[in-house]
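What follows is a single structure, written as structure tokens, with notes after it.
Residue numbers (our numbering): 4 to 297.
Now the structure itself:
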């Protein structure tokens, strides 16, 4: 029997993709946006999760957050902690058997020592990174949650889907529309980008495992921004101008991961090659319509 599933954050980039797949292939999924249940409002959470009763058990995939691209301030930090506090309460009201919580590699800060593992030093230097680590602690270490909690720390996600604000999407759009790209610094910063379909496939595999712990979800292959821009030009068969600007000191660092722990947990899982995933920007958006994730 398939798990009863609750997805919180259905209008987010990943949440929308995950919801589309699950509502096509399941009849036991409840997908929520902030309009359905605003996790900043305790009463809204109380009412909705009380309505679920205790006779059915659920796996909860939690994506709701105040993203740093939207707001990265003390106020957003407090809001993210409020969201987590109300998540803790929801787990006590309804029969939640396991949680998959989407966190961020921002918890490692802007000077991580490569390669990054799940044991790497936690050193957030943004309100968002601090909020994510605080929320992780609330779920994993406070003693308030009695069920298994899987923490997924994700780097950049990309792939053609609604609400895509990824760096790769921006590079594709500006090269396609303006035949140029603006590079901060020398463009040699290394990044590990995960295809959106892969993060959704991985979540599907984690649901029945009820794994309790932390996972860095990364491909293990890092690329420079220049590499990515050149790949866009190759895929689009287009020449473009490269404009160099002063480096953004806050983002001038490398993200390189040791993914051996993830590989030990899911040894058969394979990530999509960057070139293959980037082709989604050059074809209609139909990756999950009515079908199985690969």
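In this text, a Cβ means the ideal position worked out from N, Cα and C, and glycines have one as well.
Quantities reported herein were computed from a predicted structural model and do not represent experimental measurements.
Expected contact under 8 Å - CB spacing of residue i and residue j to nearest Å
i: residue 169; j: residue 194; result: No, residue 169 and residue 194 are not in contact; Cβ-Cβ is about 10 Å, not under 8 Å.
i: residue 171; j: residue 16; result: 12 Å between Cβ atoms; not a contact.
i: residue 120; j: residue 264; result: 7 Å
i: residue 208; j: residue 269; result: 6 Å
Same chain only: Cβ atoms within 6 Å of residue i, ignoring 5 sequence neighbours per side
i: residue 247; result: 186
i: residue 274; result: 201 and 222
i: residue 52; result: 93, 96 and 97
i: residue 101; result: 62, 150, 151 and 213
i: residue 164; result: 20 and 199
Buried versus exposed, by CB contacts within 10 Å (16 or more), residue i
i: residue 139; result: buried
i: residue 241; result: exposed
i: residue 212; result: exposed
i: residue 89; result: buried
i: residue 38; result: exposed
i: residue 35; result: buried
i: residue 22; result: buried
i: residue 152; result: buried
i: residue 294; result: Note on residue 294: pLDDT 37, under 50, position unreliable in the model; no value is reported.
i: residue 283; result: buried
i: residue 48; result: buried
i: residue 180; result: exposed
i: residue 132; result: buried
i: residue 77; result: exposed
Cutoff 7 Å; reference residue i; Cβ partners in own chain excluding five residues on either side
i: residue 69; result: 79, 82 and 83
i: residue 280; result: 161, 162 and 198
i: residue 13; result: 19, 22, 34, 35 and 36
i: residue 136; result: 110, 125 and 127
i: residue 91; result: 141, 147 and 148
7 Å Cβ cutoff met for residue i and residue j
i: residue 104; j: residue 65; result: yes
i: residue 235; j: residue 158; result: no
i: residue 166; j: residue 129; result: no
i: residue 156; j: residue 219; result: yes
i: residue 256; j: residue 113; result: yes
i: residue 304; j: residue 228; result: The structure shown does not extend to residue 304, since the chain spans only 4 to 297, so no value can be given for it.
i: residue 154; j: residue 210; result: no
i: residue 188; j: residue 250; result: yes
Same chain, Cβ closer than 8 Å to residue i, five either side skipped, listed in chain order
i: residue 232; result: 174, 178, 184, 186, 190, 243 and 245
i: residue 118; result: 259, 260 and 261
i: residue 278; result: 234 and 238
i: residue 72; result: 168
Would you be able to state if there are at least three C-beta pairs under 8 Å between the region 117-126 and the region 81-93?
-> no
Checklist entry - On the three-pair Cβ rule with 8 Å, is the region 173-182 touching the region 143-159? => result no
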